Amino acid sequence: FMREKVDDEKAREMRRMVQHKGWISVSISDATQEGLPLVFASEGFFKMTGYPPAEILGHSLEMLYGKDTDPSTVGKIKEAMEERIAVSTCVLNYRKDGNTFWNH
66 FMREKVDDEK AREMRRMVQH KGWISVSISD ATQEGLPLVF ASEGFFKMTG YPPAEILGHS
126 LEMLYGKDTD PSTVGKIKEA MEERIAVSTC VLNYRKDGNT FWNH
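According to the working numbering, the sequence shown holds residues 66 to 169 in order.
Structure representation (structure tokens):
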């Protein structure tokens, strides 16, 4: 599911790969926009989070944070996205129903 068209060939190839694998959870945020809105997510992402596309596409992944999400980890993720550099970390996220899951 795409919120808007992305012209980058690498992004198009990634979408083709994950759209056919419903168990893979992938999300892409737009680091060029304020709030880093989600512009793409795979079926696996919607299944894992419990959010349908209409409720989360165009919004920040901050919707998945909760009371036990580590602010310093969130800060590292935001900083990496803003600087357009790779980051590898685990963050505690919350499904729509309030249950938690670890995201890497």
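For every residue, glycine included, the Cβ atom is placed at its ideal position computed from N, Cα and C. Predicted, not measured: the structure shown is a model, and the values here were computed from it.
Nearest to residue i by alpha carbon, out of the options?
i	options	result
residue 145	89, 78, 94, 90	94
residue 159	149, 142, 135, 152	135
residue 162	117, 151, 90	117
residue 151	169, 157, 164	169
On the three-state DSSP scale, how would you describe residue i?
i	result
residue 151	coil
residue 106	strand
residue 142	helix
residue 126	helix
How many angstroms separate the CA atom of residue i from the CA atom of residue j?
i	j	result
residue 68	residue 130	Here residue 68 scores only 46 on pLDDT, less than 50, and its place in the model should not be relied on; the value that follows carries that caveat. The straight-line gap from Cα to Cα measures roughly 21 angstroms.
residue 108	residue 133	26 angstroms
residue 112	residue 128	15 angstroms
residue 119	residue 139	24 angstroms
Does the distance from the CB of residue i to the CB of residue j come in under 8 angstroms?
i	j	result
residue 101	residue 137	no
residue 90	residue 110	yes
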